[in-house]
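Protein chains: 2
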Amino acid sequence: MAQTDTINDTNIDFGMLAESVGYRLRRAQMNFFAKFTEICSDLGISPGLFSVLVIVEKNPGLTQTAVAQALGNDRSAMVAAVDKLESMKLIERRPAKNDRRSYALFMTKYGQEFFEMSSRKVSDYESTMMARLHSDQEKDQLIDMLKRLS
Amino acid sequence: MAQTDTINDTNIDFGMLAESVGYRLRRAQMNFFAKFTEICSDLGISPGLFSVLVIVEKNPGLTQTAVAQALGNDRSAMVAAVDKLESMKLIERRPAKNDRRSYALFMTKYGQEFFEMSSRKVSDYESTMMARLHSDQEKDQLIDMLKRLS
DNA sequence: ATTCTATTGTTGTACACCACAACAGTTATT
DNA sequence: AATAACTGTTGTGGTGTACAACAATAGAAT
Numbered sequence: 001m002a003q004t005d006t007i008n009d010t011n012i013d014f015g016m017l018a019e020s021v022g023y024r025l026r027r028a029q030m031n032f033f034a035k036f037t038e039i040c041s042d043l044g045i046s047p048g049l050f051s052v053l054v055i056v057e058k059n060p061g062l063t064q065t066a067v068a069q070a071l072g073n074d075r076s077a078m079v080a081a082v083d084k085l086e087s088m089k090l091i092e093r094r095p096a097k098n099d100r101r102s103y104a105l106f107m108t109k110y111g112q113e114f115f116e117m118s119s120r121k122v123s124d125y126e127s128t129m130m131a132r133l134h135s136d137q138e139k140d141q142l143i144d145m146l147k148r149l150s
Numbered sequence: 001m002a003q004t005d006t007i008n009d010t011n012i013d014f015g016m017l018a019e020s021v022g023y024r025l026r027r028a029q030m031n032f033f034a035k036f037t038e039i040c041s042d043l044g045i046s047p048g049l050f051s052v053l054v055i056v057e058k059n060p061g062l063t064q065t066a067v068a069q070a071l072g073n074d075r076s077a078m079v080a081a082v083d084k085l086e087s088m089k090l091i092e093r094r095p096a097k098n099d100r101r102s103y104a105l106f107m108t109k110y111g112q113e114f115f116e117m118s119s120r121k122v123s124d125y126e127s128t129m130m131a132r133l134h135s136d137q138e139k140d141q142l143i144d145m146l147k148r149l150s
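Chains as they are written, first to last, in full-length UniProt numbering: chain A, 1 to 150; chain B, 1 to 150.
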């Protein structure tokens, strides 16, 4: 079989990917998410668990499936998530008043403090990333465009 | 234990997430990626395999690890990927000329045709998504901002 | 030359994530 | 009263991904 030279170029042509919005979106999101995951990890949770906290904090009394639907997850994924957050004393399951099948999810007092501290760190991170944009107006435009692509 | 009403609001408060660039980035990317995955699936490949094709097509003769580095993957992930693409007769491993450890990756003729057909479909999809933006200038600005966030 | 270190492809493993099916208990509908 | 629909839960399988280890090979050091 014919043997061939390999190329070890540090300057690789990404072809259509270079100017593809889908690829750029993915790259930016992965970069953003990597640091966010790290922050969450320092807090002892995962990004998914943090998103559950956000929903429960702003919408006390939600059902597990309601939270799952809000986040676009399967409700089966909620079990382990709520188990974990409950074992950390951050949220609690209370039996629903008029439906013995379901639980209502609530923040504990400690969970509230934990959440405020956590979301402060997350907001700080957001701010440092936003410094890469030129203006608040640009940021608003970015969010607007991203919403249109969702 | 006190029982409590559940809330089944369709109008859920996403709190800090609603105006968070990180969250919006994730949402847009996931939405974008879901359809992209579907297109790839129709072609019989995965998004990861498609990205390998893009790199190999534009950079013939690359080593497996070079492709892995370009894509930010571990080189161990490349084995199954190249196995699959080779079994589909899309690319081929040729023994490297001056290094008996490594292979040089090349597109087959059929792989070339397959890739052109595939990237056409992917580009079409990109175009339909870009229709949600107001202008080409807006698209350029979006890509520019996304690059800054990477 | 010989030894030591680095690299390549490869395999195995472990872990996170996610979708899906199934189930018992409960509620809603007919 | 019967049937369908929904809740939390468990299990399973697929997928992606990071990491360690290995033999073969290459490069560097002495």
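Even glycine gets a Cβ: it sits at the ideal position worked out from N, Cα and C.
Three-way DSSP call (helix, strand, coil) for residue i in this model
i	result
F106 of chain A	strand
L133 of chain A	coil
E38 of chain B	helix
I45 of chain B	coil
L90 of chain A	coil
A96 of chain B	strand
L62 of chain A	strand
R101 of chain A	coil
S119 of chain A	helix
D74 of chain B	coil
S20 of chain A	coil
F33 of chain A	helix
F50 of chain B	helix
L149 of chain A	coil
I12 of chain B	coil
Contacts around residue i, its chain only, beta-carbon distance under 6 angstroms, and the 5 residues preceding and following it disregarded
i	result
K121 of chain B	I39
residue 164 of chain A	Coverage of chain A is limited to positions 1 through 150, which leaves residue 164 of chain A absent and any answer about it impossible.
L71 of chain B	S51
M1 of chain A	Its pLDDT being 39, under 50, M1 of chain A is placed unreliably by the model, and nothing is read from it.
D5 of chain A	With a pLDDT of 46 at D5 of chain A, under the threshold of 50, the predicted position of this residue should be treated as unreliable, though the coordinate-derived value follows. Nothing listed; no residue qualifies.
D114 of chain B	For the record, residue 114 of chain B in the displayed sequence is Phe; it is not Asp. Within the same chain, F114 of chain B has close Cβ partners L90.
G61 of chain B	A104
Proximal residues to residue i (C-beta, below 7 angstroms), its chain only, five neighbours per side dropped
i	result
P95 of chain B	Y103
V67 of chain A	V52, I55, V56, M78, L105
E92 of chain B	E86, F106, T108
Classification of residue i by the beta-carbon crowding that lies within 10 angstroms, buried from 16 upward
i	result
G44 of chain B	exposed
S127 of chain A	exposed
R75 of chain B	exposed
R26 of chain B	buried
S123 of chain B	exposed
S118 of chain B	buried
N11 of chain A	exposed
A28 of chain A	buried
L20 of chain A	Just to set this straight, residue 20 of chain A is Ser in the shown sequence, not Leu. S20 of chain A is buried by the Cβ-count criterion.
Q137 of chain A	exposed
Spatial neighbours of residue i in its chain, beta-carbon cut-off 8 angstroms, leaving aside the 5 residues before and after
i	result
F32 of chain B	M129
A125 of chain B	In the sequence under discussion, the amino acid at residue 125 of chain B is Tyr, which differs from the Ala named in the question. For Y125 of chain B, where only same-chain residues beyond five positions count, the Cβ hits under 8 angstroms are K35, F36, I39.
K89 of chain B	T108, Y110, G111
Whole-angstrom C-beta distance between residue j and residue i, which should lie under 8 angstroms
i	j	result
A81 of chain B	L133 of chain B	Their Cβ separation, rounded to whole angstroms, is 32 angstroms, which puts A81 of chain B and L133 of chain B out of contact at 8 angstroms.
N59 of chain A	D13 of chain B	6 angstroms
Does the region 139–149 of chain A come close enough to the region 88–107 of chain A that 3 or more CB-CB pairs lie under 8 angstroms? Segments in contact, no.
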